[in-house]
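Chains as they are written, first to last, in my numbering: chain A, 296 to 889; chain B, 1047 to 1432. The C-beta atom is built at its ideal place from N, Cα and C for all residues, glycine as well.
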Ligand SMILES: Cc1cc2nc3c(=O)[nH]c(=O)nc-3n(C[C@H](O)[C@H](O)[C@H](O)COP(=O)(O)O)c2cc1C
Ligand code: SF4
Ligand code: SF4
Ligand code: SF4
Ligand code: SF4
Ligand code: FES
């Protein structure tokens, strides 16, 4: 139990735990203090100064986000001195800022815009200090516009603290101080993983996704094209937030209905290829285990790492290239979907693959980059043409004049629209692991996993690195080599945690058979393409919604998905078979570490 | 208050047997010496004027087995060059002052953070350090001292920025609390003192608080080095008793035509002629880290202010809004007024902004930009406008 500290805020007495900041103490009694550089997920910076308050006996104002309470402290949050300072600060920021809200994709969700409006700031009191600059659009995923940056360092802290990537840094000092990259290189040429976590926390429009909305509309309007769209599991539990729903509301049916109403020719489900990923990745794991345990073949690297998170893929290519053999060769569900859309789907539905435009809606910005990787063309075409984020989908829904909340639920189209609960939980950290175990355990033993209602709770939740083990007993004869093996697994989400886990594995501090890594905090539900804002509560609500969706699915194991069974029977043959290897598996590239 | 300007000669005196002095303090005991130091009224000579005895006491009492002593020799304030003089002429005294701090607080390691331009003092300091380390070992105290050269940013003289820079990070001030005395270098309790402060601690160890207090005023005890420059009859570093008025200073150093004195450098205050008589140089009046710049009537106060603002616009670390953008606005603002692009009433807008910078900036740099600005604008408005 920590000590309680007695203070007053605006003459209201309260007691709060030691080390609480003035900002948080005020929040407890519903006194709102404006902030710009503060973010619940990040360490304190205290550099924007917009959160200043008065503390009795202190001639200066103090930054409430960065100042812990002291016994007997008397705080005022609304005085003429404070108001003047906040207004000045906002006005100063605006004199540096390329104000063009009408064209800015952050409009309405922009914290600077909101505060400027709230304080009725006048951006013309002081002199115009705007410096001309062009947005950096070198990256397929991340757009960086220095002219909108307020130097709050949220992105720098995100990239360093949550992601352990350090692609962003503050450069220069004084009037030249700016957020930049190593040697001011373009975003496409630095160690950036395209995870988009910086975008989620940028208070302004300085960091946004590269948008492909116009391209997708053009495809939809083009009568010669057959436009298929796939939607990832984490999109449906977050999209509603953009339409005023509280976090944690699932809008799967309404999302499908709006996509149909917008004019997509076929609305399909990435959950389908999530199930497929389990079949391929599970088989790959079993064959690696067999190679190591039976044949003593050490060239099969263990632990095997999951490969569905393209941010994680780019991270390991840059930072741990020596571990690339451990990475599963499976493509991500998005890319498996893309390649099948232009092969299997085209064949079955009788389309020429050149007429198919394949669009995906993802909670993720890294998938924009992934779709553009040169190796992702195994169909003979670019497998996925355009990747939209959850946020871009929301904008398109608005543009199409649809009132999404009033639409009737509709089901996904066929083929490649069927899924199981196992595919759904891909959206949460630990989900791939859980889905894999549900299937692999049953494949090996012929029995369901020994967990109540199939819920493998040890791999769930928000702990940065989770570990679990499962004893494998009474196996089927062909899996004799696994009898009595204690399967050890680990799960990391957020690349800073992944880094920690990789160090432990590299230094042989621990051993695992199978490791799941998701680049984003919380997994895809906290992805860089999800609605803004994000914070621990919002992510928890989304996670809750994902597990609810899983529970209500009639089928909850990937291998039970009838369309998956049909896909193998009619087209692929068997998991890890020849055609699978050609279409569903890939290779990786070592990258520089700058 | 002293009626006549009193030259003192305490700081540069090196005819002291430091080992013997150290033994004397060891006999006296740590508690007793801290009391003595507090009683002496010594306040930090780096500008902020924090009571030195209290600082050492906090670090001494902080329950952490690892502590550090840092000597701040970054000396970046325009017009200040007294620390260089001390390091050159009384290097042993500084180093023994640090050793004294180490003995009192229990720190086993120390660093002199010294600005890159003073590299030529390296050999001299190294020799003095080696000698001190050797001698103090024979007293049974282990204290290791090292030199660290700064990279030339003014803001790195601010103690938290200095520590960040020592740790290999960007030299940027951090939030306070935590203060260096609790969480300083590598997160350990750390004494950061100015060069001159360590020397003063040695003087007090030598002559005692009673004797020391005979110099100066209640708020500003002891003597102080002043770096005198500008339109003066004699330039250089002078040791003077604290507590004189600006008038007394000008009588001694001015060229007979002094219209203003900038006390404390770019981040200090501009005192106009009409205030000379009733302005005391010291913590009760205008404090100074040592810089005294004298201006005669041939000088344009506009140029002086513009120069200061150019300095700040560049030397701000750039992290916090009021300072980063505020310095630019003040600079471009006075230029706009001069060029008649803004009305002279715009200066009032800028004055309000200067107050916001003072209240809301993250560190002393942004807070003190307003000092020079307001004191010059308020006293020489005409010169800025026309
Ligand atoms: C922008 C800025 C620059 C500073 N530069 C110096 C410096 O060069 N030397 C110094 O001793 N203190 C400097 N200080 C003050 C230090 O932060 C700190 O207060 C001082 O080193 C403490 O020592 P003292 O108590 O002995 O004065 C500076 C402060 C600020 C805000
Ligand atoms: S970042 Fe915000 S304030 Fe700036 S143009 Fe965009 S919406 Fe407007
Ligand atoms: S996208 Fe991710 S890796 Fe890239 S800069 Fe942003 S936080 Fe860092
Ligand atoms: S890019 Fe955004 S998050 Fe980063 S410093 Fe600029 S405004 Fe802040
Ligand atoms: S006041 Fe200036 S120097 Fe200090 S932290 Fe702010 S920007 Fe940096
Ligand atoms: S929110 Fe507190 S200083 Fe930025």
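Determine, using beta carbons only, whether residue i comes closer than 9 Å to chain B.
i	result
residue 469(A)	yes
residue 298(A)	no
residue 307(A)	no
residue 320(A)	no
residue 500(A)	no
residue 311(A)	no
residue 347(A)	yes
residue 340(A)	yes
residue 407(A)	no
residue 519(A)	no
residue 658(A)	no
residue 794(A)	no
Can you tell me which of the three DSSP states residue i falls into?
i	result
residue 333(A)	coil
residue 681(A)	strand
residue 614(A)	helix
residue 474(A)	strand
residue 1419(B)	helix
residue 515(A)	helix
residue 891(A)	Residue 891(A) lies beyond the stretch modelled for chain A, which goes from 296 to 889, so this question has no answer here.
residue 1110(B)	coil
residue 303(A)	strand
residue 1414(B)	helix
residue 455(A)	helix
residue 886(A)	coil
residue 1365(B)	coil
residue 1089(B)	strand
residue 353(A)	coil
residue 1053(B)	strand
residue 338(A)	coil
residue 815(A)	coil
Would you say the beta carbon of residue i is closer than 8 Å to some non-hydrogen atom of ligand 2?
i	result
residue 698(A)	no
Thinking C-alpha only, which one of the options is nearest residue i?
i	options	result
residue 795(A)	660(A), 737(A), 612(A) and 459(A)	459(A)
residue 383(A)	1355(B), 1423(B), 1420(B) and 1366(B)	1366(B)
residue 475(A)	469(A), 465(A) and 483(A)	465(A)
residue 677(A)	648(A), 687(A) and 745(A)	648(A)
residue 579(A)	889(A), 878(A), 870(A) and 346(A)	870(A)
residue 1274(B)	1353(B), 1432(B) and 1292(B)	1292(B)
residue 360(A)	342(A), 849(A) and 351(A)	342(A)
residue 1318(B)	1398(B), 1334(B), 1296(B) and 1337(B)	1296(B)
Compute the minimum distance between the beta carbon of residue i and the heavy atoms of ligand 4, and state whether it is under 8 Å.
i	result
residue 554(A)	no
residue 1098(B)	no
residue 389(A)	no
Say the cut is 8 Å; is the CB of residue i nearer than that to a heavy atom of ligand 3?
i	result
residue 489(A)	yes
residue 693(A)	no
residue 453(A)	yes
residue 494(A)	yes
residue 458(A)	yes
Answer yes or no: does any C-beta atom of chain A fall closer than 9 Å to that of residue i?
i	result
residue 1230(B)	no
residue 1418(B)	no
residue 1221(B)	yes
residue 1047(B)	Note that residue 1047(B) scores a pLDDT of 39, beneath 50, so its modelled location is shaky; the value from the coordinates is reported in the next line. Residue 1047(B) does not count as touching chain A.
residue 1201(B)	yes
residue 1399(B)	yes
Cβ of residue i within 8 Å of any heavy atom in ligand 7?
i	result
residue 568(A)	In terms of ligand content, the structure shown lacks ligand 7 and carries ligand 1, ligand 2, ligand 3, ligand 4, ligand 5 and ligand 6 instead.
Is residue i near ligand 5, judged by its Cβ being under 8 Å from some heavy atom?
i	result
residue 1201(B)	yes
residue 1216(B)	no
Quick one: residues with CB closer than 7 Å to any heavy atom of ligand 2, in chain order, please. In chain order, the residues positioned with their C-beta nearer than 7 Å to some heavy atom of ligand 2 are 392(A), 393(A), 394(A), 395(A), 396(A), 399(A), 401(A), 402(A), 405(A), 407(A), 408(A), 411(A), 443(A), 499(A), 500(A) and 501(A).
If the cut-off is 7 Å on Cβ atoms, which residues from the stretch 359–392 of chain A count as contacting chain D, listed in chain order? Among the protein chains in the structure shown, which are A and B, there is no chain D.
Please output, in chain order, the residues near ligand 6 using a CB cut-off of less than 7 Å to any non-hydrogen atom of the ligand. In chain order, the hits are 318(A), 330(A), 331(A), 332(A), 333(A), 340(A), 341(A), 342(A), 343(A), 344(A), 345(A), 346(A), 358(A), 359(A), 360(A), 361(A) and 447(A).
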